[in-house]
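If you're matching positions, the sequence shown starts at 1419 in the numbering used here and goes up one per residue. Don't be surprised by glycine CBs; every beta carbon is placed ideally from N, CA and C.
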Amino acid sequence: MSSWLDKIMPGMIRSDAQQRSTVPEGLWKKCPKCNGFLYRPELDRNLNVCPKCEHHIRINARRRLEIFFDGTDSRELAADLEPVDRLKFKDTKRYKDRLSQAQKSTGEKDALVAMAGTVQDVPVVAVAFEFQFLGGSMGQVVGEKFVRAVNFCIEENVPLVCFAASGGARMQEAILSLMQMAKTAAALQRMREKGIPFISVLTDPVFGGVSASLGMLGDLNIAEPYALVGFAGPRVIEQTVREKLPEGFQRSEFLIEHGAIDMIVSRHDMRDRIAHVLAKLQRREQPPEDEHEPLAEQLPEEEGSGDANAAE
């Protein structure tokens, strides 16, 4: 039975369900730190950094490389590599099915994208982990693609930048995934012997076999603000030692205070900072600074799957 107000103002009053149905899906995103609701187009323009609290929300690999490189002159490396279920692994689901699902949801063949291009006219190769692909876990394809990127750097004498976001080694590939730790570390050593710079950028989160190998082997180790970085995740540590960890433990601000990383750089400043560092290391002319306010301080003002599940 309709109320007298409905008769006077037909169509002017709608239920909550009706109002929700008119809001396009995916138009808003909730910030995981301040719980503010963010308008997605505005958030995308702000490089997935919350305009309310400056929290760096996770960003996919291709978008990260898109905002890092100059224009559209970049080209992908080792794009033909695809994972193979050599062990016929099965837990609650077949590994083959997990791969298929991850490929459909992300549009990527595996958890690493490698590209060559320029950053403020400085030639560079950059690789970025896709965390939405099985937690950014490192398997054979990720390791091989990383090594091919390193080999390209050695051949062309260009620096390498890695944007890491991973839960660690991929448990479904067992010892084959663990071998990638030694494989990538050995490749980086060859590059280091040639005097070619490697910059590691630690984004939220980096754990397990990736943090224990290529993630912390940079000539310069940079982290985004409030990134969670470690070997075992805080929940795993708390369950093991049966103690509550201090607030901010394993966050990038905690790491720089204890000397584990070299600097914290905002996503807005990352491209300029890396370009200037590479120009200095290679004795190139310094690129001009973009005019904007830095969003992250170097130091906090006050004190304060297997392996792929380590980030939990």
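May I have the straight-line CA-CA distance separating serine 1439 from glutamate 1656, to the nearest angstrom?
Interpretation of serine 1439 is limited by its pLDDT of 44, a score under 50 that renders its predicted location unreliable; the figure taken from the coordinates is listed afterwards. The straight-line gap from Cα to Cα measures roughly 42 Å.
Going straight from the alpha carbon of glycine 1553 to that of glycine 1585, what length do you get?
Roughly 6 Å separates the two Cα atoms.
Here's a check: name, in chain order, each residue in its chain whose Cβ is nearer than 6 Å to the Cβ of glutamine 1598, leaving out the five neighbours to either side.
These residues qualify, in order along the chain: Met1556, Gly1561.
Pick out whichever of Ala1697, Arg1610, Leu1632, Glu1472 has its Cα sitting closest to the Cα of lysine 1736.
No statement about residue 1736 is possible, as the shown extent of the chain runs from 1419 to 1730 and does not include it.
What does a CB cutoff of less than 6 Å around lysine 1612 pick up in its chain, not counting 5 residues either side in sequence?
The residues Ile1572, in chain order, have a CB closer than 6 Å to that of lysine 1612 in the same chain once the five nearest residues on each side in sequence are set aside.
Which residue from Gly1626, Ile1640, Glu1500 puts its Cα closest to that of aspartate 1687?
Among Gly1626, Ile1640, Glu1500, the Cα nearest to that of aspartate 1687 is on Ile1640.
Please state if the CB of valine 1576 and the CB of isoleucine 1692 are separated by a distance shorter than 8 Å.
No Cβ-Cβ contact shorter than 8 Å links isoleucine 1692 with valine 1576.
Can you confirm whether the segment 1675-1689 touches the segment 1520-1529 when touching is taken to mean that 3 or more C-beta pairs between the two stretches lie within less than 8 Å?
Judged by Cβ distances under 8 Å, the segment 1520-1529 makes no contact with the segment 1675-1689, as fewer than three pairs qualify.
Coarse secondary structure for aspartate 1622, derived from DSSP in three states:
Aspartate 1622 falls in the strand class under three-state DSSP.
Are the beta-carbon atoms of isoleucine 1617 and valine 1695 separated by less than 8 Å?
Between isoleucine 1617 and valine 1695, the C-beta gap is smaller than 8 Å, which places the two residues in contact.
With a 10 Å radius around its C-beta and 16 neighbouring C-beta atoms as the bar for buried, classify histidine 1474 as buried or exposed.
Burial call: buried.
Cβ-based burial, glycine 1648 [other Cβ within 10 Å; buried from 16]:
Classification of glycine 1648: buried, given that the 10 Å Cβ count is 16 or more.
For the beta strand (DSSP E) that tyrosine 1457 lies in, which residues bound it at each end?
Start and end: 1455-1457.
How about alanine 1645 and threonine 1621: do their beta carbons lie closer than 8 Å?
Taking 8 Å as the Cβ cut-off, alanine 1645 and threonine 1621 qualify as a contacting pair.
Straight-line CA distance for arginine 1512 to leucine 1495?
Here the alpha carbons of leucine 1495 and arginine 1512 stand approximately 29 Å from one another.
Residue span of the beta strand (DSSP E) that contains phenylalanine 1547, given as start and end:
That run of the beta strand (DSSP E) goes 1540-1547.
Strand pairing of valine 1579, partner residues [DSSP]:
As a beta-bridge residue in DSSP terms, valine 1579 pairs with Ala1544, Ile1617.
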